[in-house]
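Residue numbers for the sequence shown follow the numbering used here, so the first one is 718 and each next one is one higher.
Report on one structure; see the data block that follows.
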Amino acid sequence: MSPSSPATDSPCIRLCRLDPATGFCIGCGRTLDEIAGWAGSSGDERRAILARLPARLAELGAARETA
């Protein structure tokens, strides 16, 4: 798998703000540490992060609906 394959591309959508309650970016769902370390992460690390994002984004969406 190449470094620019869709499975390892950055999930950033340029909506960069951290949710103070969760510490997740409201655009991509990553933590600040994950964002900062993305360029140096292996493909396996990136895929592991990507696998966690749907649940995080759902959590952020649910929090916005109850706010």
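Using N, Cα and C, we set each Cβ at its ideal position, and we do this for glycine too.
Tell me, to the nearest whole angstrom, how far the beta carbon of residue i is from that of residue j; I am working on the premise that it is less than 8 Å.
i, j, result
"D736", "I730", "Actually they do not touch by this definition, with Cβ atoms about 15 Å apart."
"L774", "G757", "About 24 Å separates the two Cβ atoms, so there is no contact after all."
Helix, strand or coil for residue i? Go by DSSP, reduced to three states.
i, result
"T725", "coil"
"T748", "strand"
"L732", "coil"
Mind checking which residues open and close the alpha helix (DSSP H) that includes residue i?
i, result
"A757", "The residue asked about is misnamed: residue 757 is Gly in this sequence, not Ala. Careful: G757 lies outside any alpha helix (DSSP H) and carries neither H nor E."
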